[in-house]
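Participant: As given, the protein sequences belong to chains A and B, one line each in that order.
Residue numbers for the first sequence follow full-length UniProt numbering, so the first one is 1 and each next one is one higher.
Residue numbers for the second sequence follow full-length UniProt numbering, so the first one is 1 and each next one is one higher.
Beta carbons are placed, not taken as given, at the ideal position from N, Cα and C, and that holds for glycine.
Quick one: the structure is below, questions incoming.
Protein chains: 2
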Amino acid sequence: MIELLIVDDHTIFRSGLRRMLSDEADIHVADEASDGAGALAKIRSGKFDVVLMDINMAGRSGLDTLESIRAERPELPVIMLSMYPEEQYAVLALRARANAYLSKDVEPQELLTAIRHVVGGGRYVSPRSAANLLMQMDRAREGAPHEKLTAREMQVMMKIVRGMSLTDVGVQMCLSVKTVSTYRVRILEKLGLASNAELVQYAMRNGLLD
Amino acid sequence: MIELLIVDDHTIFRSGLRRMLSDEADIHVADEASDGAGALAKIRSGKFDVVLMDINMAGRSGLDTLESIRAERPELPVIMLSMYPEEQYAVLALRARANAYLSKDVEPQELLTAIRHVVGGGRYVSPRSAANLLMQMDRAREGAPHEKLTAREMQVMMKIVRGMSLTDVGVQMCLSVKTVSTYRVRILEKLGLASNAELVQYAMRNGLLD
DNA sequence: ACCTCTTGTAGGAATTTTCTGATTGCGCGC
DNA sequence: GCGCGCAATCAGAAAATTCCTACAAGAGGT
Chain A
1 MIELLIVDDH TIFRSGLRRM LSDEADIHVA DEASDGAGAL AKIRSGKFDV VLMDINMAGR
61 SGLDTLESIR AERPELPVIM LSMYPEEQYA VLALRARANA YLSKDVEPQE LLTAIRHVVG
121 GGRYVSPRSA ANLLMQMDRA REGAPHEKLT AREMQVMMKI VRGMSLTDVG VQMCLSVKTV
181 STYRVRILEK LGLASNAELV QYAMRNGLLD
Chain B
1 MIELLIVDDH TIFRSGLRRM LSDEADIHVA DEASDGAGAL AKIRSGKFDV VLMDINMAGR
61 SGLDTLESIR AERPELPVIM LSMYPEEQYA VLALRARANA YLSKDVEPQE LLTAIRHVVG
121 GGRYVSPRSA ANLLMQMDRA REGAPHEKLT AREMQVMMKI VRGMSLTDVG VQMCLSVKTV
181 STYRVRILEK LGLASNAELV QYAMRNGLLD
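Structure below.
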């Protein structure tokens, strides 16, 4: 029996997963968490075989949480889900040692395949998105400048371009404002920009915002 | 018994709704569709009392579909759901005669309230977003909001969205920074925005920048 | 092994921006 | 022709951001 932990801040989505998985004899949704902190606490109990986590949660993001999980339990299989087809995140997630990355609109069958595949530490990438993903990784090697940003920098950038103040970003990410400000400087440097306004323009032109 | 049709391209989300609604004695999820075309076909059978539809579906969008539904069945209550809290969509949805607009992360209770409210043709708007919404609608009536800016405000706005600092704007325009800052506040107020980042987005979306 | 570069993290000081009011003049309606 | 609101302007205090600097841990090259 595969013991599963669901981490997602949308109640409806958690229910959906639960229901879908309830038909499977070998999978048991052992518990749910609605944020990263809750997830970490539950994971410490050590009774899960797989974690299924949303990548875009309010507050502490999924990627962040993934890193914390990796710090404590390097072998625990984690599948990251994303609402958006933002493949940038896929790259980041896999680099942060997620065992799988799936869009939330996958067919149930594929999710099941992924779950069974990662139990024991394997990795799974959707065939459909594999090509896409490789392309992204290729581009990361020389293409769009923002793919050179680290996960942290990307998170900060997205929050900034959506209009959050540095202070709020700091609070939400549990970092000093100074740190956030440093990230901002590095982001601007890496992208060759000079102001937040240009950053927002960059984000819109590169489809990071809409 | 309220007969309900769910339209959403995310299988998991459909399951989540189904599960959530299965606890309600007076509501019955009669069928599901995964896209607009399917939804229209099912609606022609005429056996639904309410349609619950995602606004952001791949392919034919929810809004599109809503218009088709209205053409055939002007009285059928339709509730639009969106992943994003973006109020712009809300306005569009309601203008296209949706009976309600909700973000997908609403509490289940609120969704139930909305469903019961719209049966029979009523409308429901989340109290939380009502005020915001009304403001948007007012603005929608009067054309592009930035046409209400004074010449001075417009000048300042353009310099800001191009990335100039308030201080530099002040120097260039021979004004105190304080004055520039005051203009900025007025611009944001008039446009219903909350930050420079949103201002830049606004400018780009409205062709003021490129 | 050693050196260098990158990443994640911040502190203190220097600036910039925001907030909270104010003042003045100008057109507009009654 | 008086008051009212709006546009343009700014000051002082308070808050946020930026600048410069630093440092430790890890990755990577030689």
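Determine, using beta carbons only, whether Ile6 of chain B comes closer than 8 Å to chain A.
Facilitator: no
Participant: Thr113 of chain B versus chain A: which residues are under 8 Å apart at the beta carbon?
Facilitator: In chain order: nothing, as chain A lies at least about 15 Å away.
Participant: The beta strand (DSSP E) that contains Val119 of chain B, what's its start and end?
Facilitator: Run containing Val119 of chain B: none; DSSP gives neither H nor E here.
Participant: Find the nearest neighbour of Tyr124 of chain A within the set A:Leu4, A:Val78 and A:Glu107, judged by alpha-carbon distance.
Facilitator: The candidate whose alpha carbon is nearest that of Tyr124 of chain A is A:Val78.
Participant: Consult DSSP for Arg139 of chain A and reduce its assignment to one of helix, strand or coil.
Facilitator: The pLDDT assigned to Arg139 of chain A is 49, lower than 50, so where the model puts this residue is not dependable, and the model offers no usable value.
Participant: From the DSSP output, in three-state form, read off Ala114 of chain A for me.
Facilitator: helix
Participant: Just to make sure I have the definition right: I need the residues of chain A whose C-beta is within less than 7 Å of the C-beta of Met20 of chain B. Which are they?
Facilitator: Ile12 and Ser15, listed in chain order.
Participant: Tell me the DSSP bridge mates of His28 of chain A?
Facilitator: A:Glu3
Participant: Please state whether the Cβ-Cβ distance between His10 of chain A and Lys104 of chain B is less than 8 Å.
Facilitator: yes
Participant: Which chain A residues sit within Cβ distance under 7 Å of Lys104 of chain B?
Facilitator: His10 and Ile12
Participant: How about Val200 of chain B: is its C-beta nearer than 8 Å to some C-beta of chain A?
Facilitator: yes
Participant: Unbroken alpha helix (DSSP H) runs of length 4 or more, entirely within the UniProt domain "HTH luxR-type" (142 to 207) of chain B: which are they?
Facilitator: 151 to 161, 166 to 173, 177 to 191 and 196 to 205
Participant: Measure from the C-beta of Ile43 of chain B to each C-beta in chain A and report whether the shortest distance is under 8 Å.
Facilitator: no
Participant: Which value, in whole angstroms, describes the spacing of the CA atoms of Asp49 of chain B and Val119 of chain B?
Facilitator: 7 Å
Participant: So with Cβ pairs under 8 Å, would you call Asn206 of chain B a contact of chain A?
Facilitator: No, Asn206 of chain B lies away from the interface with chain A (no Cβ there is under 8 Å from its Cβ).
Participant: Do you know whose CA, among B:Val51, B:Met158, B:Arg18 and B:Glu24, lies nearest Asn202 of chain B's CA?
Facilitator: With the sequence shown as reference, residue 202 of chain B is identified as Tyr, and Asn is not the correct amino acid for it. Nearest option by C-alpha distance: B:Met158.
Participant: Kindly list the residues whose CB is nearer than 8 Å to the CB of Arg141 of chain A, restricted to its own chain and excluding five residues on each side of it in sequence; keep chain order.
Facilitator: The predicted model places Arg141 of chain A with a pLDDT of 43, which falls under 50 and marks its position as unreliable; any figure quoted below should be read in that light. Counting only Cβ-Cβ distances below 8 Å, and skipping sequence neighbours, we find nothing.
Participant: Could you name the residues of chain B that Ala197 of chain A contacts, counting a contact when the two beta carbons are closer than 7 Å?
Facilitator: At a C-beta separation below 7 Å, Ala197 of chain A has these neighbours in chain B: Ile160, Val161, Arg162, Gly163, Asn196 and Val200.
Participant: Just reading off the alpha helix (DSSP H) that Ile43 of chain B is part of, what are its end residues?
Facilitator: For Ile43 of chain B, the uninterrupted alpha helix (DSSP H) run begins and ends at Gly36 to Arg44, by DSSP.
Participant: Check for me: the beta strand (DSSP E) holding Ala71 of chain A runs from which residue to which?
Facilitator: Element bounds for Ala71 of chain A: not the beta strand (DSSP E) but the alpha helix (DSSP H), Gly62 to Glu72.
Participant: Identify whether residue 221 of chain B lies in helix, strand or coil by the three-state DSSP scheme.
Facilitator: The displayed coordinates of chain B run from 1 to 210. Any statement about residue 221 of chain B would go beyond what the structure contains.
Participant: Distance check for Gly170 of chain A and Val200 of chain B, CA to CA, integer angstroms please.
Facilitator: 22 Å
Participant: Given that Ile108 of chain B touches chain A, what residues does it touch there, using C-beta distances under 8 Å?
Facilitator: The residue asked about is misnamed: residue 108 of chain B is Pro in this sequence, not Ile. Within chain A, the residues near Pro108 of chain B are Thr11 and Ile12.
Participant: Taking CB distances under 8 Å as the criterion, tell me whether Met53 of chain A reaches chain B.
Facilitator: Closer than 8 Å to the CB of Met53 of chain A there is not a single CB belonging to chain B.
Participant: At what residues does the beta strand (DSSP E) containing Leu52 of chain A begin and finish?
Facilitator: Val50 to Asp54
Participant: Contact defined as beta carbons within less than 8 Å: I believe Asp54 of chain B pairs with Val106 of chain B. What is the distance between those atoms, to the nearest angstrom?
Facilitator: That belief does not hold up - the Cβ atoms of Asp54 of chain B and Val106 of chain B are roughly 13 Å apart, past 8 Å.
Participant: Output the distance between the C-alpha atoms of Ala114 of chain A and Gly192 of chain A, rounded to the nearest integer angstrom.
Facilitator: Spanning the two alpha carbons is a distance of roughly 39 Å.
Participant: Got a sec, what are the start and stop residues for the beta strand (DSSP E) Leu209 of chain B sits in?
Facilitator: Per DSSP, Leu209 of chain B belongs to no beta strand (DSSP E) and is neither H nor E.
Participant: Mind checking which residues open and close the beta strand (DSSP E) that includes Leu76 of chain A?
Facilitator: Careful: Leu76 of chain A lies outside any beta strand (DSSP E) and carries neither H nor E.
Participant: Does DSSP put Ser22 of chain A in a helix, in a strand, or in coil?
Facilitator: helix
Participant: Taking 8 Å as the cut-off, decide whether the C-beta atoms of Asn56 of chain A and Ser34 of chain A are in contact.
Facilitator: no
Participant: Would you kindly check if the distance between the Cβ of Leu40 of chain B and the Cβ of Ile69 of chain B is under 8 Å?
Facilitator: yes
Participant: Is Ser15 of chain A helix, strand or coil by DSSP?
Facilitator: helix
Participant: Would you mind giving the Cβ-Cβ distance between Phe13 of chain A and Gly16 of chain B, rounded to the nearest angstrom? I have them listed as a contact below 8 Å.
Facilitator: 6 Å
Participant: Using a Cβ-Cβ distance cut-off of 8 Å, determine whether Leu209 of chain A contacts chain B.
Facilitator: yes
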